[in-house]
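Asker: Quick one: this structure, given as structure tokens, is what I'll be asking you about.
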Amino acid sequence: MRNFTPEIPVPLSDALKPGAEAAPMALERLFATLRPELLRFAWWLARDRAVAEDVVQEAMLRAWRSRDALKDPAAARGWLLTIVRREHARLYERKRLEIVDLDEVMAAEDTQLAADGDEMVGLRLAMTQLPDDYRIPLVMQVLGGFTTDEIAQELTLSTAAVLTRLFRARNRLRSIYGLLPAPDALDEPAV
Amino acid sequence: MTHDEARLLIGAAPGAVSAPLAEHLAHCAPCTLFQQQMQRMDQDLSRLFTAPLGPRAETGIRALPLMPATRPRPVAPRASGLLALAASLVLSIGVGIVFWTLRPQPSLAAGVLDHVGHESASWSEVAPMTAAATSQVLAGADVRLDPTDTTVTYARICLFNGHWVPHLIIRTAAGPITVMVLNREHIGARQSFRQNGYSGILVPAPGGGTLAVIAQGDADLDAVSRALGPHLHWTH
């Protein structure tokens, strides 16, 4: 995973120790710093703002409860993204989800990208319509910065299966650019 | 390393170049182009993923609340209030029906012609596509085409009315003919139209949805729809 150290006013190594006086404030700052990114990550997993906010809120609560597990402050971002990813998966296992037309989401949320032209709007629509098996590894890789090995471990897949899914995800998006998909005669490796 | 192996690695991680892949790329222009295209896509994906989220939308995939929301206890209205409520309800429904009936109807035919006009370069494609390449494209829109004698010279997945639909050009004795597979559009009966030198028909597809068949000038469009329609299947 890309090494990313958020700008945090209080050294996490001190602040994250349970019981330390500065810990609550430092964690709050850490969460506040990373929250927009965690929210974007959760949105691209869930494709819904309300669900993403629930996921991030729950993830932060879990992160606070298990703060002992974070040994290396520099790994805070990846640690939190992993918690968000797991919380999203847990939500899907726990709750019955009502699926409604994603196009309404697009209509509601595309104003931001409209200025970028049809290609970006098309890319966004195509991304939201990618099946979970393809979208989630791609989001983890591009937005989360996870390596293929880390994605494989997190999703309990083989690395070869992750490579195939990432290839297929991007291959499906090629049509946005008016490009033909590359030949795909691959059998997905066993997980 | 084969081209397929190289493209798998590039597609999986466009920014990562191992030594064997670098060696392959040094001698393979098509794979180098593929890598450049994928890297550009990743730049766009990064931009997309880091764009601020829009305002909170109360649509999409939504978790049902675990607990029912607490609602204030309704206050029993008086009889006169009930009558007024019923009257306003009837009035609202009536007004709604009038507006619904008179709302402007977007023309599917006009949308198809507009789309075809924007993709006019497609008509000039003459080289036949392989069945495998055509299948690859159609799969992107969850459509499968049985093996047929039809010669496809162009196949793309296009955004039409908010959905990804196959856009094909079929070579016929009368010239190229466009076929769009509109699996989200439903019509009751065959419609024909003619505008700006194009002639076209919309027909209900055997598998559901609508087939749009368009030619430049006159052609037996029904023959194309009959030849192709039964061989198109939705895979989802």
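Sequence lines, in order, name chains A and B. Here the numbering used here runs 93 ahead of the position in the first sequence, where the first position is 1. Here the numbering used here runs 462 ahead of the position in the second sequence, where the first position is 1. Quick reminder that beta carbons are idealized off the backbone N, C-alpha and C, glycines included. Keep in mind that this is a model prediction, so the values were computed, not measured.
1) For the segment 252-274 of chain A, list every residue whose C-beta sits within 9 Å of some C-beta in chain B, in sequence order.
2) Below 8 Å CB to CB, which residues in the same chain sit around residue 162(A) once its five sequence neighbours on both sides are set aside?
3) Using DSSP bridges, identify the partner residues of residue 654(B).
4) Apart from the five residues just before and just after residue 153(A), which ones in its own chain have a Cβ nearer than 7 Å to its Cβ?
5) For residue 463(B), tell me which candidate among 486(B), 579(B), 470(B), 688(B) has the shortest Cα-Cα distance.
6) Using the Cα positions of residue 50(A) and residue 690(B), report the straight-line distance between them to the nearest angstrom.
7) Starting from residue 696(B), trace the beta strand (DSSP E) in both directions and tell me its first and last residue.
8) Interface residues of chain A around residue 597(B) at Cβ under 7 Å?
9) Report yes or no: is there a C-beta of chain A within less than 8 Å of the C-beta of residue 531(B)?
10) Mind pulling the chain A residues with CB within less than 9 Å of residue 512(B)?
11) Verify the CB distance criterion: does residue 213(A) have a CB-CB separation below 8 Å to chain B?
12) Comparing C-alpha positions only, which one of 628(B), 590(B), 601(B) sits nearest to residue 611(B)?
13) What are the start and end residues of each continuous alpha helix (DSSP H) run of 4 or more residues lying completely inside the segment 204-266 of chain A, in chain order?
14) Which residue marks the beginning of the alpha helix (DSSP H) containing residue 575(B), and which one marks its end?
15) Between the segment 679-687 of chain B and the segment 631-638 of chain B, can you find at least three pairs of beta-carbon atoms closer than 8 Å?
16) Give the DSSP-derived three-state secondary structure of residue 456(B) in the structure shown.
17) Starting from the beta carbon of residue 508(B), find every residue of chain A whose beta carbon is closer than 7 Å, and list them in chain order.
18) Can you list, in chain order, the residues of its chain with a C-beta nearer than 6 Å to that of residue 283(A)? Leave out the 5 residues immediately preceding and following it.
19) Excluding the 5 residues flanking residue 148(A) on each side, which residues of the same chain have their C-beta closer than 7 Å to its C-beta?
20) Counting along the chain, where does the beta strand (DSSP E) carrying residue 672(B) start and finish?
21) Could you check whether residue 614(B) and residue 631(B) sit closer than 8 Å to each other, using their CB atoms as the reference points?
22) I need the DSSP call for residue 493(B), collapsed to helix, strand or coil.
23) Could you tell me the distance, in whole angstroms, from the CA atom of residue 676(B) to the CA atom of residue 657(B)?
24) What are the residues in the segment 470-503 of chain B lying within 7 Å of chain A by C-beta distance?
25) Let's test the definition: count the other Cβ atoms within 10 Å of the Cβ of residue 270(A) and tell me whether it reaches 16, buried, or not, exposed.
26) Mind pulling the beta strand (DSSP E) runs of 3 or more residues that sit fully within the segment 124-168 of chain A?
27) Would you say residue 128(A) and residue 515(B) are within 8 Å of each other, going by their C-beta atoms?
28) Any beta-carbon of chain B closer than 8 Å to the one on residue 127(A)?
29) What is the rounded straight-line gap between the Cα of residue 226(A) and the Cα of residue 160(A)?
30) Please classify residue 497(B): is it buried, with 16 or more other beta-carbons within 10 angstroms of its beta-carbon, or exposed?
31) Going by the beta-carbon positions, is the gap between residue 640(B) and residue 578(B) smaller than 8 Å?
32) Given the structure, does residue 169(A) come close to the ligand HEM, in the sense that its CB is under 7 Å from one of the ligand's heavy atoms?
33) Between the C-alpha atoms of residue 481(B) and residue 471(B), what's the straight-line distance to the nearest angstrom?
34) Could you compute how far the alpha carbon of residue 251(A) sits from the alpha carbon of residue 244(A)?
35) Measure the alpha-carbon distance for residue 670(B) versus residue 499(B) and round it to whole angstroms.
Answerer: Working from what's here:
1) 255, 256, 257, 258, 259, 260, 261, 262, 263, 264, 265, 266, 267, 268, 269, 270, 271, 272, 273, 274
2) 172
3) 663(B)
4) 124
5) 486(B)
6) For residue 50(A) there is no data in the structure shown, the boundaries of chain A being 94 and 284.
7) 694-696
8) Per Cβ cutoff of 7 Å: no residues; residue 597(B) is ~10 Å from chain A at best.
9) For residue 531(B), the predicted structure reports a pLDDT of 35, less than 50, and the residue's modelled location is therefore unreliable. A value from the coordinates is still provided. False, the Cβ-Cβ gap to chain A never drops below 8 Å.
10) 130, 133, 236
11) yes
12) 590(B)
13) 204-207, 211-222, 225-235, 241-248, 252-266
14) 570-580
15) yes
16) Residue coverage of chain B in this structure runs from 463 to 698, which leaves residue 456(B) outside it and unanswerable.
17) 235
18) Note on residue 283(A): pLDDT 49, under 50, position unreliable in the model; no value is reported.
19) 135, 139, 177, 180, 181, 184
20) 672-678
21) yes
22) helix
23) 11 Å
24) 470, 473, 474, 475, 496, 499, 500, 503
25) exposed
26) none
27) no
28) no
29) 30 Å
30) buried
31) yes
32) As far as ligands go, the structure on display features none, and thus does not contain the ligand HEM.
33) 12 Å
34) 9 Å
35) 35 Å
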